[in-house]
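As structure tokens, the structure follows; a few thoughts come after it.
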Amino acid sequence: MKHLAAYLLLTLGGNSEPSAEDIKEVLASVGIDADQGRLGQLLNELRGRDINELIAEGTSKLATGIGSNTGGGGDRGQEAGNGAGDDGSGSANGGTDGDGDGDDDEDDDFGLGLFG
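In terms of full-length UniProt numbering, the sequence shown opens at residue 1 and continues consecutively.
Laid out in structure tokens, this is it:
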């Protein structure tokens, strides 16, 4: 997400196609090291695509999903009441993203699965 956030900041600032170096510079300005693999993946996903069109497309897809949850959710209150599996982390898997590196806030596909 941090790579995508830096990309979006750069585009808002007028850079229509931020480079890897541009993104690294933004991240470094706030003390964050860029992950070269994830950065490359992000740039490959966005190459040749208009970010405003992607945002509009993603927004429309999100809008169609709101209110259409048919998952039931009726047992949630009961599970919360008896503390089943609750370790206080706010996550069903113990507060991690499952890969063991403790990097909970990174999406492997940068959330771009919504757009394509």
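Note that beta-carbon positions come from the ideal geometry of N, C-alpha and C, so glycine has one too.
CB of residue i within 8 Å of CB of residue j, strictly
i     : j     : result
Arg49 : His3  : no
Leu8  : Asp22 : no
Leu43 : Ala28 : no
Pairwise C-alpha distance: residue j and residue i
i     : j     : result
Val26 : Gly65 : 33 Å
Gly31 : Leu54 : 28 Å
Asp35 : Ser60 : 30 Å
Glu57 : Lys24 : 27 Å
Glu79 : Pro18 : Low local confidence applies: a pLDDT of 47 at Glu79 is under 50, so the model's placement there is unreliable, with the coordinate-based value given in what follows. Spanning the two alpha carbons is a distance of roughly 46 Å.
Gln41 : Leu62 : 23 Å
Thr45 : Asp33 : Reading the sequence as shown, one finds Glu at residue 45 and not Thr. If you take the alpha carbons of Glu45 and Asp33, they lie about 20 Å apart.
Leu12 : Arg47 : 17 Å
Leu6  : Ser16 : With the sequence shown as reference, residue 6 is identified as Ala, and Leu is not the correct amino acid for it. Going by the C-alpha atoms only, they are around 13 Å apart.
Residue i versus the options, residue with shortest Cα-Cα distance
i     : options                    : result
Gly14 : Ile51, Ser29, Leu46, Gly40 : Ile51
_At 4 residues or longer, what runs of the alpha helix (DSSP H) sit wholly inside the segment 19 to 71?_
20 to 29, 36 to 46, 51 to 65
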